[in-house]
Structures are given as C-alpha cells and as structure tokens.
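Numbering (the working numbering), first residue to last: 3 to 195. From the three backbone atoms N, C-alpha and C, an ideal C-beta is built for every residue, glycine too. Just so we're clear, the structure is a prediction, and the values are computed from it rather than from any experiment.
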Amino acid sequence: MVAPSRREFLGVILGVSAASGLAPSVLAQTTLTPTPACGGPATPTQTEGPYFKPSSPERVSLLEPEMRGRRLVVAGVVRGTDCKPVPRALLDFWQADAGGRYDNAGFRLRGHQLTDAEGHYRLETILPGVYPGRTRHIHVKVQAPNGRPLTTQMYFPGEANNARDGLFDPALLVALADNADGAAARFDFVLAR
Ligand code: FE
Numbered sequence: 003m004v005a006p007s008r009r010e011f012l013g014v015i016l017g018v019s020a021a022s023g024l025a026p027s028v029l030a031q032t033t034l035t036p037t038p039a040c041g042g043p044a045t046p047t048q049t050e051g052p053y054f055k056p057s058s059p060e061r062v063s064l065l066e067p068e069m070r071g072r073r074l075v076v077a078g079v080v081r082g083t084d085c086k087p088v089p090r091a092l093l094d095f096w097q098a099d100a101g102g103r104y105d106n107a108g109f110r111l112r113g114h115q116l117t118d119a120e121g122h123y124r125l126e127t128i129l130p131g132v133y134p135g136r137t138r139h140i141h142v143k144v145q146a147p148n149g150r151p152l153t154t155q156m157y158f159p160g161e162a163n164n165a166r167d168g169l170f171d172p173a174l175l176v177a178l179a180d181n182a183d184g185a186a187a188r189f190d191f192v193l194a195r
C-alpha cells in the first residue's frame, strides 16, 4: 500500500473540517501543528523529608544481592526550560525498601549519578515500598553543573494512596510500563534556566 501524498492527506483534513463545521484553516492548523517536544514549566519542587543523607555512593544500580522487591528501571532526560539537555547533571536518589524502610545507618537504596552528554540518566532499583502517611515515591535531588539543586519526588500511577497523600503532585507521575523483568518508568526533569 502506498502512503497518501501530502495533498491527499490535506484533502482528508479539509473533508473532515467541512463535516465538523470548523473553518478548514483552523482544523488543518490544529491537526498539523506538532506538539512541542519540550518547553513549559520547571519540574515542581517537593520537600526533602526526614531521610536525605549527603555523600551517597556514585552508582547507577541500587540493586544488591538478596534485595527484595519488584525490579524497576527509571530513565529519562534532564533538560532546561530552554529545552536543551543538561549533560553532567547530578541526580541523587534515595528511597524506601520493599518494606517501606529507609536505611539511615548506611547507603542502601541511595546513590547518585551524572547524566551523559545528551542529558540521559538511568537508574536500576526496586519499586519502593510504602510507609504510613505516604504514597509510593522516590526522592531525588537534581542539579545542573554550577546550578542549585532541585529537590523533588517521583510518584507512580494507579496508586490508591496518591489521592490520600497531601504531598502528591500529578505533575510528578512517572510513565510506567510493566515488562518481564519488572517495571520500566520514564520521567524527564526540567530545570529552570
Ligand atoms: Fe520518603
């Protein structure tokens, strides 16, 4: 099958617009203008909470032998409000274990990494457990080179506790997909610049 030419494609749009009663130019513009790939506000900040510890180890995987919990990969891009990716941005993650506990003595489920030249990060971890008063979340500080740290949290879709957590912000929901190994989450951070 041959793909329709641009002229035929526009003809289809104009035909639809005539049926809908909208001016052809309005609908054609609405249909053909691409959604901006970026832009918009910076990622909202959130409270650090009581469990942040400085000086976490540099590592892209927080997994350890015998660690309980559903495997989770979180990946995305750090970019500025100017749309440009931020290379060598620092991301410092900390989270609860599958039982909802933080390691405050050591650095279990804590780690930092730097984005690559295209602003990408990738974290291997487990789905955090929930603890009283909070819905499921991962804490993170994100900082451009020579920038100020943005402290925030990431949330998960489909959690009944989201609606009951006063800190929950739908702007901080990851996109989540299940796979054979566990779950894959996507979240892009936007830093003011
Ligand atoms: Fe927490």
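Within the DSSP bridge table, the entry for residue 155 names 141 as partners. Annotation: residue 75 to residue 166 spans about 26 Å, alpha carbon to alpha carbon.
Residue pairing from DSSP places residue 123 in a beta bridge opposite 78.
DSSP places residue 192 inside the beta strand (DSSP E), whose first and last residues are 191–193.
A heavy atom of ligand 1 is found nearer than 6 Å to the CB of residue 51.
It is roughly 14 Å from the alpha-carbon of residue 43 to the alpha-carbon of residue 172.
Secondary structure note for residue 181: its beta strand (DSSP E) is the uninterrupted segment 177–181. With contacts defined by Cβ atoms closer than 7 Å, residue 152 and residue 82 do not form a contacting pair.
In this model, residue 52 and residue 106 are separated by some 10 Å (Cα to Cα). Linking residue 119 to residue 109 through their CA atoms gives a straight-line distance of about 27 Å.
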